[in-house]
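Asks: Below is one structure. I have some questions about it.
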Amino acid sequence: MGNSNTSRYADGKELYHQDAAVNQWLRSLLLQGVAALEAQFIRAARRARTGPWAPTRRAVGRAPAPASVSPRRAAGEVARLLMDPEAGARIRRLARKHRLDEGDVAGLWAATVTASAAATLPLALPEAEPA
Amino acid sequence: MNEDDLARLVEFKLLLSRITEDHLFEELRRAANAQGRRLPNVTRTALRTGASAAVRALSPAEILTFAQGATWEESLKAAVDAGAWRRLLDVAIRLAFPSGPA
Numbered sequence: 003m004g005n006s007n008t009s010r011y012a013d014g015k016e017l018y019h020q021d022a023a024v025n026q027w028l029r030s031l032l033l034q035g036v037a038a039l040e041a042q043f044i045r046a047a048r049r050a051r052t053g054p055w056a057p058t059r060r061a062v063g064r065a066p067a068p069a070s071v072s073p074r075r076a077a078g079e080v081a082r083l084l085m086d087p088e089a090g091a092r093i094r095r096l097a098r099k100h101r102l103d104e105g106d107v108a109g110l111w112a113a114t115v116t117a118s119a120a121a122t123l124p125l126a127l128p129e130a131e132p133a
Numbered sequence: 008m009n010e011d012d013l014a015r016l017v018e019f020k021l022l023l024s025r026i027t028e029d030h031l032f033e034e035l036r037r038a039a040n041a042q043g044r045r046l047p048n049v050t051r052t053a054l055r056t057g058a059s060a061a062v063r064a065l066s067p068a069e070i071l072t073f074a075q076g077a078t079w080e081e082s083l084k085a086a087v088d089a090g091a092w093r094r095l096l097d098v099a100i101r102l103a104f105p106s107g108p109a
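Chains as they are written, first to last, in the numbering used here: chain X, 3 to 133; chain H, 8 to 109.
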């Protein structure tokens with residue numbers, strides 16, 4: 003069934019592990035439904051309230067823009083953050099709260115602080131295609 | 008940026024990523040059911056990865072697009088109006104289910 007895809011993120015994580023035909027099917031289902039998703043998004047927003055997650059403009063304005071770093075450096079940043087008493091504790095709290103992997107949260111933290119966002123992206127984005 | 012500001016910004020991104028993942032998954036389940044097909048086991052993981060990567064790639068200016076209203080609802084509405092939500096979904100979908108090796 004189709005060609006096997008074995009793409010990886012720049013940090014070495016496997017991006018996906020599915021048959022190309024399955025990926026194409028799932029992608030096309032979603033791209034057809036994007037307009038409906040926008041309406042759902044607004045409905046969800048009506049139920050939500052501003053919470054402690056809302057970032058300040060100052061914080062956003064000071065965050066670095068995404069940039070490319072080596073997988074090795076990105077992994078080093080994640081390890082350093084998890085070892086840091088204060089940052090590590092905050093990261094673990096966030097991971098528990100959102101039921102996420104600590105390493106993933108640390109990666110997002112590192113991306114926010116040190117502009118290493120691209121370390122979690124594939125080396126090249128898939129080509130755009132008509133919805 | 009102090010640690011509290013940073014924690015709120017990271018949590019905001021986590022929330023945005025979770026909303027993106029949840030909405031894409033629900034839409035996918037609905038669409039697959041309509042076709043009488045089941046989703047592959049790794050679908051949720053792929054969507055989580057795609058949504059997270061798409062949010063991580065947002066620039067500060069794009070993040071502000073999602074956080075510019077006085078309330079969460081206002082902010083997200085503005086993001087839809089600005090096309091930012093659509094772009095985020097698009098990137099998340101293409102990263103979750105790539106068309107070929109990168």
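For glycine and all other residues, C-beta sits at the position ideal for the given N, C-alpha and C.
Let me confirm a value: aspartate 103 (chain X) is counted as buried when at least 16 other C-beta atoms fall within 10 Å, else exposed. Which label applies?
Replies: Position 101 of the first sequence, counting from 1, holds the residue named residue 103 (chain X). Label assigned to aspartate 103 (chain X): exposed.
Asks: When you compare the CB of arginine 63 (chain H) with every CB in chain X, is at least one pair closer than 8 Å?
Replies: One-based indexing of the second sequence puts residue 63 (chain H) at position 56. Closer than 8 Å: yes.
Asks: Is there a C-beta anywhere in chain H that falls below 8 Å from the one on arginine 75 (chain X)?
Replies: In the first sequence, the residue the question calls residue 75 (chain X) occupies position 73. Arginine 75 (chain X) does not count as touching chain H.
Asks: Which of the residues in the stretch 11-22 of chain H, read from start to end, lie with their CB under 7 Å from any CB of chain X?
Replies: The stretch 11-22 of chain H vs chain X, Cβ under 7 Å: Asp12, Leu13, Ala14, Arg15, Leu16, Val17, Glu18, Phe19, Lys20, Leu21 and Leu22.
Asks: Taking 8 Å as the threshold (C-beta atoms), are valine 62 (chain H) and leucine 23 (chain H) in contact?
Replies: Indexing the second sequence from 1 puts residue 23 (chain H) at position 16. Indexing the second sequence from 1 puts residue 62 (chain H) at position 55. Yes, they are a contact pair.
Asks: Is there at least one non-hydrogen atom of the ligand ADP closer than 7 Å to the beta-carbon of leucine 54 (chain H)?
Replies: No copy of the ligand ADP appears in this structure; indeed no ligand is present at all.
Asks: Measuring only the C-alpha atoms, how far is arginine 74 (chain X) from glutamine 42 (chain H)?
Replies: By one-based count along the first sequence, residue 74 (chain X) stands at place 72. By one-based count along the second sequence, residue 42 (chain H) stands at place 35. If I take the Cα positions, the gap works out to 43 Å.
Asks: Check whether chain H comes within 8 Å of glutamate 79 (chain X), counting only Cβ atoms and requiring the distance to be less than that.
Replies: Against the first sequence, residue 79 (chain X) aligns to sequence position 77. False, the Cβ-Cβ gap to chain H never drops below 8 Å.
Asks: Indicate whether at least one CB of chain X lies closer than 8 Å to the CB of glutamate 34 (chain H).
Replies: Residue mapping note: residue 34 (chain H) aligns to position 27 of the second sequence, counting from 1. Yes, glutamate 34 (chain H) lies at the interface with chain X (some Cβ there is under 8 Å from its Cβ).
Asks: How big is the Cα-Cα spacing for alanine 68 (chain H) and leucine 31 (chain H)?
Replies: Here residue 68 (chain H) refers to the residue found at position 61 when the second sequence is read from its first residue. Here residue 31 (chain H) refers to the residue found at position 24 when the second sequence is read from its first residue. Between alanine 68 (chain H) and leucine 31 (chain H), the C-alpha separation is close to 24 Å.
Asks: Assuming alanine 103 (chain H) contacts glycine 57 (chain H) under a Cβ cut-off of 8 Å, what Cβ separation, rounded to an integer in Å, is found between them?
Replies: By one-based count along the second sequence, residue 103 (chain H) stands at place 96. By one-based count along the second sequence, residue 57 (chain H) stands at place 50. Yes, they are in contact, since the Cβ atoms of alanine 103 (chain H) and glycine 57 (chain H) sit about 3 Å apart, within 8 Å.
Asks: If distances are taken between C-alpha atoms only, which option among H:Leu35, H:Phe73 and H:Ala38 comes closest to valine 87 (chain H)?
Replies: Numbered from its first residue, the second sequence carries residue 87 (chain H) at position 80. If we check each option's Cα against that of valine 87 (chain H), H:Phe73 comes out closest.
Asks: For a cutoff of 8 Å on Cβ pairs, would you count leucine 83 (chain X) as touching chain H?
Replies: Position 81 of the first sequence, counted from the start, is the residue given in the question as residue 83 (chain X). Not one chain H Cβ lies under 8 Å of leucine 83 (chain X).
Asks: Return the CA-CA distance between alanine 77 (chain X) and glutamate 34 (chain H), expressed in angstroms with no decimal places.
Replies: Within the first sequence, the letter at position 75 stands for residue 77 (chain X). Within the second sequence, the letter at position 27 stands for residue 34 (chain H). For alanine 77 (chain X) and glutamate 34 (chain H), the distance between alpha carbons rounds to 33 Å.
Asks: With C-beta atoms as the reference, is leucine 96 (chain X) less than 8 Å away from valine 107 (chain X)?
Replies: Locating residue 96 (chain X) in the first sequence gives position 94, counting from the first residue. Locating residue 107 (chain X) in the first sequence gives position 105, counting from the first residue. Their beta carbons are under 8 Å apart, which means leucine 96 (chain X) touches valine 107 (chain X) by this criterion.
Asks: What residue range does the alpha helix (DSSP H) around asparagine 40 (chain H) cover?
Replies: Along the second sequence, one-based indexing puts residue 40 (chain H) at 33. Run containing asparagine 40 (chain H): 10-41, per the alpha helix (DSSP H) assignment.
Asks: Shorter than 8 Å from the beta carbon of arginine 92 (chain X) to some beta carbon of chain H?
Replies: In the first sequence, residue 92 (chain X) corresponds to position 90, counting from 1. Arginine 92 (chain X) counts as touching chain H.
Asks: Spell out whether any CB of chain H is found under 8 Å from the CB atom of glycine 105 (chain X).
Replies: Taking the first sequence and counting its residues from 1, one reaches residue 105 (chain X) at position 103. Chain H, which has no Cβ nearer than 8 Å to the Cβ of glycine 105 (chain X), makes this no.
Asks: Can you check which of these residues, X:Ser30, X:Leu39 and X:Arg29, is closest to threonine 27 (chain H) by C-alpha distance?
Replies: As a working mapping, residue 27 (chain H) is identified with position 20 in the second sequence. Considering only alpha carbons, the answer is X:Leu39.
Asks: Smallest Cα separation from isoleucine 100 (chain H): which of H:Leu21, H:Pro47, H:Ile70 and H:Ala60?
Replies: The residue given as residue 100 (chain H) occupies position 93 in the second sequence. Taking only the C-alpha atoms, the option nearest isoleucine 100 (chain H) is H:Ala60.
Asks: Please compile the residues from chain X whose C-beta is within a distance smaller than 7 Å of the C-beta of arginine 25 (chain H).
Replies: Residue mapping note: residue 25 (chain H) aligns to position 18 of the second sequence, counting from 1. Result: His100.
Asks: Between which residues of its own chain and valine 98 (chain H) is the CB-CB distance below 6 Å, once the five residues before and five after are set aside?
Replies: Taking the first residue of the second sequence as 1, we reach residue 98 (chain H) at position 91. Excluding positions up to five away in sequence, the list reads Ala61.
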